[in-house]
Amino acid sequence: MAEAKYIVDGNEVKGEKGFSSVEWIDDTYFNIHFMGKKFHGEIVEAATEDQKMTIKVNQRTFEVKKERPIDELIHKMGLDKKKVRKLHQLKSPMPGRILKFSVEVGDEITEGTPLLTLEAMKMENVIKAEGEGKVKAIVKEKETVVEKGELIIEFE
1 MAEAKYIVDG
11 NEVKGEKGFS
21 SVEWIDDTYF
31 NIHFMGKKFH
41 GEIVEAATED
51 QKMTIKVNQR
61 TFEVKKERPI
71 DELIHKMGLD
81 KKKVRKLHQL
91 KSPMPGRILK
101 FSVEVGDEIT
111 EGTPLLTLEA
121 MKMENVIKAE
131 GEGKVKAIVK
141 EKETVVEKGE
151 LIIEFE
């Protein structure tokens, strides 16, 4: 059975001489014992679905990725591609006033693209795309007051 390999900041890491153990304090903090010294660590971000983790050891940040033998097969089969939602409409997520649009008819958008700025309760909220599509029509105009659920943009 093939072993998993670990990639730290883009470089493959093999079992290092002098490494002895990891001591977990809780689910975020840990100590590493290496060459007779103790180093304090913290998990900054854990993307377990992608087998990635960002850790901080003695104020230095590392990205650690675990590559398993099955990962290559999953990649070859195309099963590692994330599904992207196809947009059809953007309805107002809250009541407010449209301050400005960040897109125009015909624009191709992807997930995270800013679409418009909506003022609600004296706060400016940038509404971003939750999928991908092409702007077909902007139904409302700038400075229009909208209620929650009102159609603002249509996509192809």
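FYI, full-length UniProt numbering numbers position 156 of the sequence shown as 156, with every residue one higher than the one before it. For glycine and all other residues, C-beta sits at the position ideal for the given N, C-alpha and C.
Secondary structure at Ile-7: strand, using DSSP grouped into helix, strand and coil. Contact between Lys-142 and Glu-154 is absent: CB atoms are separated by about 17 angstroms, not below the 8 angstroms threshold. With contacts defined by Cβ atoms closer than 9 angstroms, Gly-96 and Met-121 form a contacting pair. The stretch 37-45 and the stretch 54-74 touch, with no fewer than 3 CB-CB distances between them shorter than 8 angstroms. Taking the Cβ atoms as the reference, Ala-129 lies roughly 5 angstroms from Thr-113, within the contact range of under 8 angstroms. Comparing C-alpha distances from Thr-48 to each of Phe-34, Lys-66, Asn-58 and Glu-72 shows the shortest one belongs to Lys-66. DSSP, read as helix, strand or coil, puts Lys-148 in coil.
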